[in-house]
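A.B. asks: Got a structure for you, questions after.
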Amino acid sequence: MAASEEDPAVQRLIDAFGGQPVAAKERLVGEPAYLSKRLQFASGSEIIMHDDAVVAVVLHAAPTGFAANGFNLSQWIQGLDKNATLADLKAAIDAPRTLGGMGFMLDGAYAEPSFKNNRGWNDPGNLLSISFTVEAPQRACRPEDDDCPSCCDLLVRAKAPDSGVYVEQTIAALAGAAAAGLIIESPRWVPLADLHALHASRLMERVESQLSCTACKRIICLTLYRESPATFEFTVFNEARQRPLEAIPPVEQWGDDLRLAQDRDAMHYVDHQPGSWFLVEQQGTLFLEARYWRNSMVDSSALIRLDQAETDSYRAGGHDYLSELVHQIDKSGPHTDGSPYFQRDLYRGPDSANLSKCFAAAIVNHTWIAEQRRGS
Numbered sequence: 340m341a342a343s344e345e346d347p348a349v350q351r352l353i354d355a356f357g358g359q360p361v362a363a364k365e366r367l368v369g370e371p372a373y374l375s376k377r378l379q380f381a382s383g384s385e386i387i388m389h390d391d392a393v394v395a396v397v398l399h400a401a402p403t404g405f406a407a408n409g410f411n412l413s414q415w416i417q418g419l420d421k422n423a424t425l426a427d428l429k430a431a432i433d434a435p436r437t438l439g440g441m442g443f444m445l446d447g448a449y450a451e452p453s454f455k456n457n458r459g460w461n462d463p464g465n466l467l468s469i470s471f472t473v474e475a476p477q478r479a480c481r482p483e484d485d486d487c488p489s490c491c492d493l494l495v496r497a498k499a500p501d502s503g504v505y506v507e508q509t510i511a512a513l514a515g516a517a518a519a520g521l522i523i524e525s526p527r528w529v530p531l532a533d534l535h536a537l538h539a540s541r542l543m544e545r546v547e548s549q550l551s552c553t554a555c556k557r558i559i560c561l562t563l564y565r566e567s568p569a570t571f572e573f574t575v576f577n578e579a580r581q582r583p584l585e586a587i588p589p590v591e592q593w594g595d596d597l598r599l600a601q602d603r604d605a606m607h608y609v610d611h612q613p614g615s616w617f618l619v620e621q622q623g624t625l626f627l628e629a630r631y632w633r634n635s636m637v638d639s640s641a642l643i644r645l646d647q648a649e650t651d652s653y654r655a656g657g658h659d660y661l662s663e664l665v666h667q668i669d670k671s672g673p674h675t676d677g678s679p680y681f682q683r684d685l686y687r688g689p690d691s692a693n694l695s696k697c698f699a700a701a702i703v704n705h706t707w708i709a710e711q712r713r714g715s
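340 is the number of the first residue of the sequence shown in my numbering; add one for each residue after it.
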């Protein structure tokens, strides 16, 4: 692993897979770009390289477009065949497991099985492939996803040499894919629709939108810099959430008349108690997101529209009143129908997804992770 195609060890691997590949595919990935090259063999195996360094070897147990029968796993891993289950893999590979997935830690590499629809790993016949990678699963994007049909072509490059990202067309391509349900925009970063205007205002050093692919689960990070060329990167969730983001300036400082009108109708941050609650306002109505515990291990949140009595009590008692109210909500078990807050929890209603998105946008500058991104 990590060797070039010309390396003797890689050449021996190519010979073991059958010699001449039936297909060799190349594509540029991201910006700054790296060259992804896939050598596909009739035996059902693949070698994937990034900038001429081997990053993955994939053994396809199921038939593919370039291998009608799939790879004969028993030739490489004794005791395995195309009907292997996760239990069979554990017994045959006999290596420590990776954290947060189904992979195995090998000597200098990792092995990660893939199953149909990411489930059914205990049922014979569901094994799709086994990937051997340099990077640990969950800590880096899977090299196989360089060709994800849902998101691999969303970056639009400028036609002039070395011109990088064609920003306007890339934003349009991402917006179209989001509208089609292929990717999901994160409300915890700059909205895609605001990206260009915020960048043009020069109020922020870097302006970033993040979107997750519904197929491969990679996070797309489109970043516009005040003094540097735009970047378009694929990353994994844990890495994406740690990327820096300044506080987003008030829309009055950069928005046009239409954007200002939209903001007047939106939810706006009012107050919060870290780890306990957030309060937002929308056209004179107050909404409280209260954290509560289902049991000693699992927490959740309820979104409550404050009634007039609660609003008056907040006006009189302020922060302390809300902390006591959240304590009452938690004690009542708002996830149970015996709680007076069960029916009031807007997150249980038909508009819960939209409310969650709007609420996340309102508090984007005030969450714990936002503070960490700013280094505060």
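Backbone N, C-alpha and C fix where the C-beta goes; we use that ideal spot for every residue, glycine too.
Distance, Cα to Cα, I387 vs A363?
C.D. replies: Taking the sequence shown and counting its residues from 1, the one referred to as residue 387 is at position 48. Taking the sequence shown and counting its residues from 1, the one referred to as residue 363 is at position 24. So the alpha carbons of these two residues sit roughly 10 Å apart.
A.B. asks: Out of A579, Y564, N422, L694, state which residue places its alpha-carbon closest to the alpha-carbon of K556.
C.D. replies: Taking the sequence shown and counting its residues from 1, the one referred to as residue 556 is at position 217. Nearest option by C-alpha distance: A579.
A.B. asks: Leaving aside the five residues before and after S639 along the sequence, list all residues of the same chain whose C-beta is less than 7 Å from its C-beta, in chain order.
C.D. replies: Locating residue 639 in the sequence shown gives position 300, where the first residue counts as 1. Excluding positions up to five away in sequence, the list reads Y631, R633, H674.
A.B. asks: Report yes if the C-beta distance between T397 and S384 is below 8 Å; otherwise report no.
C.D. replies: In the sequence shown, residue 397 corresponds to position 58, counting from 1. In the sequence shown, residue 384 corresponds to position 45, counting from 1. Per the sequence shown, residue 397 should be read as Val rather than Thr. Taking 8 Å as the Cβ cut-off, V397 and S384 qualify as a contacting pair.
A.B. asks: In terms of residue numbering, what span does the alpha helix (DSSP H) encompassing R654 cover?
C.D. replies: Walking along the sequence shown from the start, residue 654 turns up at place 315. Start and end: 647 to 671.
A.B. asks: Taking one C-beta from the stretch 682 to 689 and one from the stretch 653 to 660 each time, how about it: are there three or more such pairs within less than 8 Å?
C.D. replies: Counting Cβ pairs under 8 Å, fewer than three are found: no touch.
A.B. asks: Does the Cβ of F576 have 16 or more other Cβ atoms within 10 Å, making it buried, or fewer, making it exposed?
C.D. replies: Within the sequence shown, numbered from 1, the residue matching residue 576 stands at position 237. Exposed: under 16 other Cβ atoms inside 10 Å.
A.B. asks: On the three-state DSSP scale, how would you describe A516?
C.D. replies: To locate residue 516, count along the sequence shown from 1; it is residue 177. Residue state, collapsed to three classes: helix.
A.B. asks: Taking DSSP as the reference, what is the three-state secondary structure of F626?
C.D. replies: By one-based count along the sequence shown, residue 626 stands at place 287. F626: strand per DSSP, three-state reduction.
A.B. asks: Checking 8 Å against the spacing of the C-beta atoms, do R436 and R582 come in under that value?
C.D. replies: Taking the sequence shown and counting its residues from 1, one reaches residue 436 at position 97. Taking the sequence shown and counting its residues from 1, one reaches residue 582 at position 243. No. Outside cutoff.
A.B. asks: Quick check: the stretch 369 to 384 against the stretch 405 to 412, are there 3 or more CB pairs under 8 Å?
C.D. replies: Yes: at least three Cβ pairs fall under 8 Å.
A.B. asks: Considering just the uninterrupted stretch of the beta strand (DSSP E) at K364, what are its terminal residues?
C.D. replies: Here residue 364 is taken as the residue at index 25 of the sequence shown, counted from 1. Counting along the chain, the beta strand (DSSP E) containing K364 begins and ends at 362 to 368.
A.B. asks: Can you give me the Cβ contacts of S662 inside the same chain, cut-off strictly under 6 Å, excluding the 5 residues immediately before and after it?
C.D. replies: The residue you call residue 662 lines up with position 323 of the sequence shown. The answer, listed in chain order, is Q612.
A.B. asks: Taking the C-alpha atoms as reference points, what is the distance between D462 and P371?
C.D. replies: In the sequence shown, counting from the first residue as 1, residue 462 sits at position 123. In the sequence shown, counting from the first residue as 1, residue 371 sits at position 32. C-alpha separation (whole angstroms): 42 Å.
A.B. asks: So what's P482 in DSSP terms, helix, strand or just coil?
C.D. replies: Mapped onto the sequence shown, residue 482 falls at position 143. Of the three classes helix, strand and coil, the one that applies to P482 here is helix, per DSSP.
A.B. asks: By the DSSP assignment, the alpha helix (DSSP H) with R598 in it spans what residues?
C.D. replies: The count along the sequence shown starts at 1 and reaches residue 598 at position 259. Here the alpha helix (DSSP H) through R598 covers 596 to 603.
A.B. asks: Looking at the strands, I want to know which residues DSSP matches up with L552.
C.D. replies: Here residue 552 is taken as the residue at index 213 of the sequence shown, counted from 1. According to the sequence shown, residue 552 is Cys rather than Leu. DSSP lists I522 as partners of C552.
A.B. asks: Closer than 7 Å to a non-hydrogen atom of the ligand MG - does that hold for the CB of Y680?
C.D. replies: As for the ligand MG, it is missing from this structure, which has no ligand bound.
A.B. asks: If we count the other Cβ atoms within 10 Å of its Cβ and call it buried at 16 or more, is P452 buried or exposed?
C.D. replies: As a first step, residue 452 is located in the sequence shown; it is residue number 113 there, counting from the start. P452 comes out buried.
A.B. asks: Would you mind sorting I708 into buried or exposed? The rule is 16 or more other CB atoms within 10 Å of its CB.
C.D. replies: The sequence position of residue 708 within the sequence shown is 369, counting from 1. The residue in question, I708, is exposed, as its Cβ has fewer than 16 Cβ neighbours within 10 Å.
A.B. asks: Is the Cβ-Cβ distance between A629 and I668 less than 8 Å?
C.D. replies: Residue mapping note: residue 629 aligns to position 290 of the sequence shown, counting from 1. Residue mapping note: residue 668 aligns to position 329 of the sequence shown, counting from 1. Yes, the Cβ-Cβ distance between A629 and I668 is below 8 Å.
A.B. asks: Using 8 Å as the cut-off, can you tell me whether the stretch 459 to 479 makes contact with the stretch 542 to 558, which would need three or more C-beta pairs spanning the two stretches below that distance?
C.D. replies: Short answer: they don't touch.
A.B. asks: Report buried or exposed for P488, applying the criterion of at least 16 other Cβ atoms within 10 angstroms of its Cβ.
C.D. replies: Indexing the sequence shown from 1 puts residue 488 at position 149. That one is exposed.
A.B. asks: Where does Q682 sit, in a helix, a strand or coil, going by DSSP?
C.D. replies: Here the question's residue 682 lines up with position 343 in the sequence shown. Here Q682 sits in coil by DSSP.
A.B. asks: Name the two residues that bound the continuous alpha helix (DSSP H) containing C697.
C.D. replies: Stepping through the sequence shown from its first residue, residue 697 is reached at position 358. Per DSSP, C697 belongs to the alpha helix (DSSP H) from 691 to 701.
A.B. asks: Going straight from the alpha carbon of E524 to that of Q417, what length do you get?
C.D. replies: The residue given as residue 524 occupies position 185 in the sequence shown. The residue given as residue 417 occupies position 78 in the sequence shown. For E524 and Q417, the distance between alpha carbons rounds to 44 Å.
A.B. asks: Roughly how many whole angstroms lie between the Cα atoms of R351 and G459?
C.D. replies: The sequence position of residue 351 within the sequence shown is 12, counting from 1. The sequence position of residue 459 within the sequence shown is 120, counting from 1. The alpha-carbon atoms of R351 and G459 are separated by roughly 34 Å.
A.B. asks: Reducing DSSP to helix, strand and coil, say where S715 ends up.
C.D. replies: As a first step, residue 715 is located in the sequence shown; it is residue number 376 there, counting from the start. Note on S715: pLDDT 48, under 50, position unreliable in the model; no value is reported.
A.B. asks: When DSSP builds the beta bridges, which residues end up paired with C560?
C.D. replies: Walking along the sequence shown from the start, residue 560 turns up at place 221. Answer is Q549, E572.
A.B. asks: Write down the C-beta distance between Q592 and L561 rounded to the nearest angstrom, noting that I regard them as a contact closer than 8 Å.
C.D. replies: If you number the sequence shown from 1, residue 592 lands on position 253. If you number the sequence shown from 1, residue 561 lands on position 222. Between L561 and Q592 the Cβ distance is about 22 Å, and since that is not below 8 Å, they are no contact.
A.B. asks: Is T706 helix, strand or coil when you go by DSSP?
C.D. replies: The residue given as residue 706 occupies position 367 in the sequence shown. Of the three classes helix, strand and coil, the one that applies to T706 here is coil, per DSSP.
A.B. asks: Spatial neighbours of P568 within its chain, please: C-beta separation below 6 Å, excluding the five flanking residues on both sides.
C.D. replies: The count along the sequence shown starts at 1 and reaches residue 568 at position 229. For P568, where only same-chain residues beyond five positions count, the Cβ hits under 6 Å are G503.
A.B. asks: What does the alpha-carbon distance come out to for the pair S548 and T509?
C.D. replies: Here residue 548 is taken as the residue at index 209 of the sequence shown, counted from 1. Here residue 509 is taken as the residue at index 170 of the sequence shown, counted from 1. Approximately 12 Å between the Cα atoms of the pair.
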